[in-house]
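Counting along the sequence shown from 1, when you hit position 88 you're at 88 in the UniProt record's numbering, and nothing is skipped either side. For each residue, glycine too, the CB sits at the ideal point set by N, CA and C. Please read these numbers as outputs of a predicted model, since none were measured by experiment.
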Amino acid sequence: MLIGLFSSPSCCIGLNESRQVRSEAGLREFVEDKLCNNNSVEAVLFDVCKNESAATAGNIAMIVWSIWFSRNNWVWDDIRETARDVAMRADHMIKEWRAVNLAQQAVNLSPVVTSQLRRSAPANPNLEADSQAAVQQRWQKPRDGWWKCNVDVSLSQIPGATGWGWCVRNSVGLFVAAGTNNCMHKYTAAEGEATTILEAMREAISRGWTNIVFESDSKVVVDAIQANSQGISELCSIISSIKLLLQCN
């Protein structure tokens, strides 16, 4: 696992992949310099922890963890991930960890994630929610003193691209703020929706907003957030980050 990040020419397992991950994470020159000045993985890690900033050490630790996580996916579930996938997961996790620490120090955010779908009552109460007929989806204001953040994802026709956006309005429907983003990474609809919620929550924390409801029209994502189970897919990784923010605020 450690060799995956600090591969030397004598290591043939994961050498090319580890180089690609280092490049995607923007750490290629940094790691190669450490390898030139240390004769073992242990020495490199001690060097980083002793001489580098906490931010740099945190980035390295999260990349190492993400590579280990990816290799477990490959060995046990036959799931191959790209270097970009590995680097992006590490980036998500370290940003989430930092956001949670800032939140604990500075704000008292009370987010609630709900599904925007409002369904008619079924004739048979035992029917699953997915079998119920979807009805009007008009925006509903939150209770007085609260804001509502609606999110949505755009699955681009451009190969490997995904876009998303979020919009915050107050309890009378007046615009407060909005944001958009995109990346050259092909998410599924659920992964994109979850990523949008996560980004909107981070933005709310960074701005010190309180009393916000985050509303999604993806029942899959909302159910995943409310469920107790955990998994190892990319969606589960994003959902875990959302849950962490909800638990800490």
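Query	Result
Which of helix, strand or coil DSSP assigns to K219	helix
For V135, the three-state DSSP class (helix, strand or coil)	Summary for V135: the model assigns pLDDT 40, below 50, so the residue's position carries little reliability, and this model does not support an answer.
Residue from V172, R169, A177 and N181 with nearest C-alpha to G163	N181
R118 versus W139 - alpha carbon distance	Confidence is the limiting factor: at R118 the pLDDT is only 31, short of 50, which leaves the residue's position unreliable and the question unanswerable from this model.
Whole-angstrom distance between A61 and A54, CA atom to CA atom	10 Å
Distance, V44 Cα to T195 Cα	33 Å
Inter-stretch contact (C-beta, 8 Å, three-pair minimum) for the stretch 209–225 and the stretch 235–247	yes
Backbone CA spacing between A178 and N37 [nearest angstrom]	47 Å
Buried/exposed call for A189, threshold 16 Cβ in 10 Å	exposed
Integer Cβ distance of S218 from E199, believed to fall under 8 Å	Their Cβ separation, rounded to whole angstroms, is 15 Å, which puts S218 and E199 out of contact at 8 Å.
DSSP three-state assignment for L155, whether helix, strand or coil	strand
N-terminal and C-terminal residue of the beta strand (DSSP E) that W164 is part of	T162 to R169
Buried/exposed call for F214, threshold 16 Cβ in 10 Å	buried
N73, enclosing alpha helix (DSSP H) - first and last residue	A54 to D77
Run of the beta strand (DSSP E) containing A177, from where it starts to where it stops	F175 to C183
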